[in-house]
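In our numbering, the protein residues as written are 36 to 395.
Note that the Cβ used here is the ideal one computed from N, Cα and C, for glycine as well.
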């Protein structure tokens, strides 16, 4: 097993990882920005070190500083949590170059599945349905219009490197397409450093279903059932349930087999999630998230498998502790996210308490 791990994150996921490390008898090192100096994750870890000022770009997204802290404190692994650098292939490469185990898949897999268009190509070649859309990024407005007509309106305009509700617009008709393209290209450039966009058919009322997978370095891959994440706000999940209430035993087996086939084909290691849209009994691949998910606890509660502990064992070169025939789903679990919004100001994010005058 690894002996000491840098937790390159903050908040709930950092606390979750520190807890798993403690249960496994592995040393933990937390990092914190200046505003997070007294945060729970910094207090709970065996040791904690500052990494810069409040802006994430100067602290939690500073790959060089994170690796330096890991080396300086004698860590032999880095757990990225979710968000920040968790799906950053360059960060995984930097960790490997420094002799640190990255608790996640290989940089090559992160890069391949991080591009939504490339991921669609890989999955299509396996004969697994993907959401009908463009064959790759759309360049000119004319080509985009032709592709949209072929796909059929409404179409979703999506950033190739997007995620978390960013880089997504719906064009209900040809009149909406150009503005959607411009907006998504701008968001793709701003948030992901990639202006490439692609088109997908926009289904009006699908179920958003995702399958949890685990893979080790010896080629073993299992799935741990599915989660339903259909209830969303601004294309971001609000309610996640395991198992999915509309998925029966036979459909669950088919979805799991497809997810395992994808993971095995790309040589996936660690915890990952295959996401798709369920339209009736037809499942269409959307993307693969190459990290731990926010909603991973509902899968842990219904299967009894500790996903973070499995991640750490896999990063240590150990095999999975669970076989597919061992996976049993018991009961149901639901996770709800709370959004703090100011209704009187157009529902903008507002984590603060309103002032008596209502001006905040």
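Using 8 Å for Cβ pairs, my map puts residue i next to residue j. What's the rounded Cβ distance?
i: residue 308; j: residue 247; result: 6 Å
i: residue 305; j: residue 346; result: 5 Å
i: residue 113; j: residue 137; result: 6 Å
i: residue 362; j: residue 337; result: Between residue 337 and residue 362 the Cβ distance is about 10 Å, and since that is not below 8 Å, they are no contact.
i: residue 227; j: residue 194; result: 6 Å
i: residue 147; j: residue 139; result: No, residue 147 and residue 139 are not in contact; Cβ-Cβ is about 13 Å, not under 8 Å.
i: residue 50; j: residue 75; result: 6 Å
i: residue 106; j: residue 125; result: Not really, about 17 Å apart at Cβ, beyond 8 Å.
i: residue 135; j: residue 173; result: Not quite, the Cβ-Cβ distance comes to about 39 Å (not below 8 Å), so this is no contact.
i: residue 296; j: residue 161; result: 6 Å
Cutting at 8 Å between CB atoms, please list the residues of its own chain near residue i, excluding the five before and the five after it.
i: residue 96; result: 119 and 120
i: residue 223; result: 194, 195, 196, 197, 202, 229, 230, 231 and 232
i: residue 145; result: 122, 123, 124, 127, 139 and 325
i: residue 383; result: 376 and 377
Can you tell which of the options has its C-alpha closest to the C-alpha of residue i?
i: residue 421; options: 157, 374 and 125; result: Residue 421 is absent from the model: the chain starts at 36 and stops at 395.
i: residue 89; options: 127, 60, 129 and 45; result: 45
i: residue 166; options: 318, 370, 332 and 300; result: 318
i: residue 270; options: 253, 367 and 242; result: 242
i: residue 334; options: 368, 290, 58 and 42; result: 368
i: residue 59; options: 344, 188, 331 and 160; result: 344
i: residue 418; options: 52, 366, 238 and 80; result: Residue 418 lies beyond the range of the chain shown here (36 to 395); nothing can be said about it.
i: residue 117; options: 326, 37, 168 and 312; result: 326
i: residue 94; options: 43, 320 and 302; result: 43
i: residue 331; options: 39, 52 and 40; result: 52
i: residue 55; options: 38, 68, 70 and 69; result: 38
i: residue 301; options: 67, 141 and 123; result: 141
i: residue 320; options: 236, 359, 385 and 127; result: 236
i: residue 177; options: 283, 146, 213 and 350; result: 213
i: residue 282; options: 292, 262 and 272; result: 262
i: residue 186; options: 202, 168, 179 and 172; result: 168
i: residue 358; options: 340, 365, 174 and 375; result: 340
i: residue 129; options: 98, 373 and 379; result: 98
i: residue 352; options: 72, 111, 47 and 63; result: 111
i: residue 82; options: 40, 91, 122 and 102; result: 40
i: residue 311; options: 378, 265, 277 and 179; result: 265
i: residue 196; options: 170, 303 and 150; result: 150
i: residue 208; options: 182, 276 and 223; result: 182
i: residue 349; options: 77, 303 and 360; result: 303
i: residue 47; options: 377, 36 and 78; result: 78
i: residue 109; options: 115, 143 and 62; result: 62
i: residue 84; options: 72, 276 and 174; result: 72
i: residue 356; options: 342, 379, 202 and 364; result: 342
i: residue 164; options: 175, 289, 365 and 225; result: 289
i: residue 366; options: 385, 360, 277 and 379; result: 277
i: residue 225; options: 385, 364, 92 and 373; result: 92
Using a Cβ-Cβ cut-off of 6 Å (strictly less than) and excluding sequence neighbours within five positions of residue i, which residues of its own chain qualify?
i: residue 324; result: 308
i: residue 315; result: none
i: residue 294; result: 246, 248, 258 and 309
i: residue 371; result: 274
i: residue 221; result: none
i: residue 279; result: 244, 261 and 263
Would you identify the three-state DSSP class for residue i, choosing helix, strand or coil?
i: residue 394; result: Only weak support exists for where residue 394 lies, its pLDDT of 48 falling under 50; the value from the coordinates is given anyway. Three-state DSSP puts residue 394 in coil, outside helix and strand.
i: residue 359; result: helix
i: residue 132; result: helix
i: residue 332; result: helix
i: residue 306; result: strand
i: residue 377; result: strand
i: residue 242; result: strand
i: residue 369; result: strand
i: residue 295; result: helix
i: residue 50; result: helix
i: residue 327; result: coil
i: residue 349; result: helix
i: residue 142; result: helix
i: residue 222; result: helix
i: residue 36; result: coil
i: residue 382; result: coil
i: residue 248; result: strand
i: residue 340; result: coil
Considering only residues of the same chain and omitting the five flanking positions on each side of residue i, which have a CB-CB separation below 7 Å?
i: residue 192; result: 204, 206, 215, 216, 219, 232 and 234
i: residue 396; result: Lying outside 36 to 395, the shown extent of the chain, residue 396 is not represented and no answer is given.
i: residue 100; result: 86 and 87
i: residue 329; result: 117
i: residue 298; result: 248, 250, 256 and 307
i: residue 240; result: none
i: residue 180; result: 209 and 212
* If you scan the stretch 54-129 from start to end, which runs of the beta strand (DSSP E) of 3 or more residues do you find wholly inside it? -> Taken in chain order, the complete beta strand (DSSP E) segments of 3 residues or longer contained in the stretch 54-129 are 62-68, 82-87 and 112-114.
* Pick out the complete alpha helix (DSSP H) segments inside the stretch 144-219, 4 residues or longer, and give them in chain order. => With a minimum length of 4 residues, the unbroken runs of alpha helix (DSSP H) contained wholly in the stretch 144-219 fall at 151-160 and 176-186.
* To do: Entirely within the stretch 261-292 and at least 3 residues each: give me those beta strand (DSSP E) ranges in chain order.
  => The beta strand (DSSP E) runs lying completely inside the stretch 261-292 and spanning 3 residues or more are 274-277, given in chain order.
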